[in-house]
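Have a look at the structure below before the remarks.
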Amino acid sequence: MMGEFEYALVTVAAALGEDAYGVAIRDGIEAAVGRSCSLGALYTTIDRLEKKGLLKTWMGEATAQRGGRAKRMVRVTPEGVRAAKAFYQSVMRVSRGASWVEARTRRTS
Amino acid sequence: MNGIAWPLVGLASKLLDRDEREVVLGDLLETDESAWRGFLDVFGLYFRRQGGLWKESRPWFAAFVVALPCSYLLMYVSISVRCTFERLVHHKVYGWHWPTGHEGFGLLLCHIFLLVTWSWSTGYIAGSVSRRTLWVSGALSLFPSLLCLPMHRAASLPWFCLFLFLPPAVMGAIQGLCSARVSLRSASLLAVMTSALMILAWSNHALWNLNWILIWPSWYLVATAWRSGSGSRSGSFGIASSHA
């Protein structure tokens, strides 16, 4: 099963779709989690997820905004979608009945 | 990022692989981060990459099985060779009589050859097994000599005699780093000659027993060349061709 940061990365990358690359994913994670995310953490996690077959990366186009340097584009693979869905469902299952989701559990049951 | 900080971050990014450097520098430019955060990002990524390498066994093998113990033994061989040279050429006697105190020119030449081949093969293995962590292996191979430097300075030995093993070891490491292949024939010749000279020195009571440990790098080269040869015949990679 994937970890919390891996889940956040895959989810943000999936939401960004065709525009998923290093800086955009980092901004998305920082906005969602509310913590700063280093490039080291980001790229080593992307490598790990790519090795697991959950992501695919390639070198994108160079832009003037980046000083003519290429982006590392990211796409979530079908395996990545399945793994993220499994993580989400297991978090939902394990959270059922927890005091901090009591109201939601009562409302949905 | 201001004009002074940017070249420094660019310099630090040389630690990263070429593609990764391009991506990271592009990211830093795009986000217009502070120089401090840029440095943290570059060094953070570099140290995470380095840390990741140590999850494999190769860097540990290169550093703690090859570089550190072999350099410790090679340092003593270097001192021994230097002391014998001083005794035979300059008639200076240092407090180093065993096991090479009785050596003549023939055994001195034998020891010089052994020092070169032991050091070269050790360096070659350290360089070829794990090239990305070679700086750690290199630092560890200097450690015994640097530790013993004050002690030998007190014994009035020239400082460089502790480092005589370094030039051939560095040459071996560079060749290992450049993936220079050692053919099975050359590796076998080197191993057989090394073994024969070790037996010669040992039979003349001029070999420290622990120095037998230094025979394995040359035979490891033979095994590597053999596996690499049979690997390329069957389409797989040999030990020397894969790097951590």
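Note that the protein sequences, when read in sequence, are chains A and B. So the first sequence is numbered by my numbering: it starts at 20 and just counts up by one. So the second sequence is numbered by my numbering: it starts at 632 and just counts up by one. Note that the Cβ used here is the ideal one computed from N, Cα and C, for glycine as well.
The Cβ-Cβ distance between leucine 704 of chain B and asparagine 842 of chain B falls below 8 Å. With a 10 Å radius around the Cβ and a threshold of 16 neighbouring Cβ atoms, aspartate 672 of chain B comes out buried. Interface residue (Cβ-Cβ distance to chain A less than 8 Å): aspartate 648 of chain B is not classified as such.
Between the segment 672-691 of chain B and the segment 56-66 of chain A there are three or more C-beta pairs closer than 8 Å, enough to call the two in contact.
Just so you know, the alpha carbons of tryptophan 749 of chain B and arginine 812 of chain B end up roughly 18 Å apart.
At least one beta carbon of chain B lies nearer than 8 Å to the beta carbon of glycine 59 of chain A.
Any Cβ of chain A closer than 8 Å to the Cβ of glutamate 661 of chain B would place that residue at the interface, and such an atom is present. Secondary structure of tryptophan 77 of chain A (DSSP, three-state): strand. The count of Cβ pairs closer than 8 Å, one atom from the segment 778-792 of chain B and one from the segment 826-833 of chain B, stays below three, leaving the stretches out of contact. Taking C-beta separations shorter than 6 Å and ignoring five residues to either side along the sequence, the partners of tryptophan 850 of chain B in its chain run Ala822, following chain order. Taking a contact to require three or more Cβ pairs closer than 8 Å, the segment 704-717 of chain B and the segment 83-98 of chain A do not qualify as touching.
Your pair isoleucine 844 of chain B and proline 690 of chain B does not check out as a contact, with CB atoms roughly 21 Å apart and the cut at 8 Å. In this structure, the CA atom of leucine 778 of chain B is about 21 Å from the CA atom of tryptophan 839 of chain B. Taking C-beta separations shorter than 7 Å and ignoring five residues to either side along the sequence, the partners of arginine 718 of chain B in its chain run Val724, following chain order. In the same chain as tyrosine 107 of chain A, and ignoring 5 residues on each side of it, the C-beta atoms closer than 8 Å to its own belong to Tyr26, in chain order. Of all alpha-carbon atoms in B/Ala694, B/Val697 and B/Glu651, the one lying nearest the alpha-carbon of tryptophan 77 of chain A is that of B/Glu651.
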